[in-house]
Amino acid sequence: MAAPEETDRGPGVVVPPPVIVGAVLLAAWLLGRAVPVPVAPPLRLPGLVVAGLGVALGGWALALMLRAGTDPRPDRPAARLIESGPFRFSRNPIYLGFLVFAAGLALRWGDLWGWLAVAVIGVLLDRLVVRREERYLRRRFGSAYEAYAARVRRWI
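With this note's numbering as the guide, the letters of the sequence shown map in order to residues 274 to 429.
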């Protein structure tokens, strides 16, 4: 019989989160060009700052995962449960970083499509990735994950 580490296939996420985010943002950008629905003047500099904060948050979480020796890809097994850094205030700081990045683009675009993209990304990440990961982490880390989930919110 194989050891659990040898048979662990991770949470089984099918579509990589960056692909989800990129596809939705591309669709929003294209729709904004084809059928603009302005909701506010484009806020280029604030949008850039917010997008940069999203990249920084995701990068910080990614660096912690790599330093801890756990694969950040959601289709791979988790080696460790990380509870430090941005994982102290969000169980999903990389995905939260994606949402903040998308919000920054929505600010830059000033278009309804950008804000719809933020909502769609949030729903897709939650339903297709986060819930799958949570079920997996409960199986993998048991009571340690349960205690962590009781202390730290899913998003913020």
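For glycine and all other residues, C-beta sits at the position ideal for the given N, C-alpha and C.
Annotation: the continuous alpha helix (DSSP H) that includes valine 297 extends over 290 to 307. In this chain, alanine 352 is not harboured by any alpha helix (DSSP H), its DSSP state being neither H nor E. For leucine 339, the number of other beta carbons within 10 angstroms of its own is below 16, and it is reported as exposed.
For alanine 313, no alpha helix (DSSP H) encloses it, and the DSSP letter there is neither H nor E. Assigned with DSSP and collapsed to three states, aspartate 399 falls in helix. About 10 Å separates the beta carbon of glycine 387 from that of proline 311, a gap too long to meet the 8 Å contact definition. Per DSSP, proline 345 lies in no alpha helix (DSSP H) and is assigned neither H nor E.
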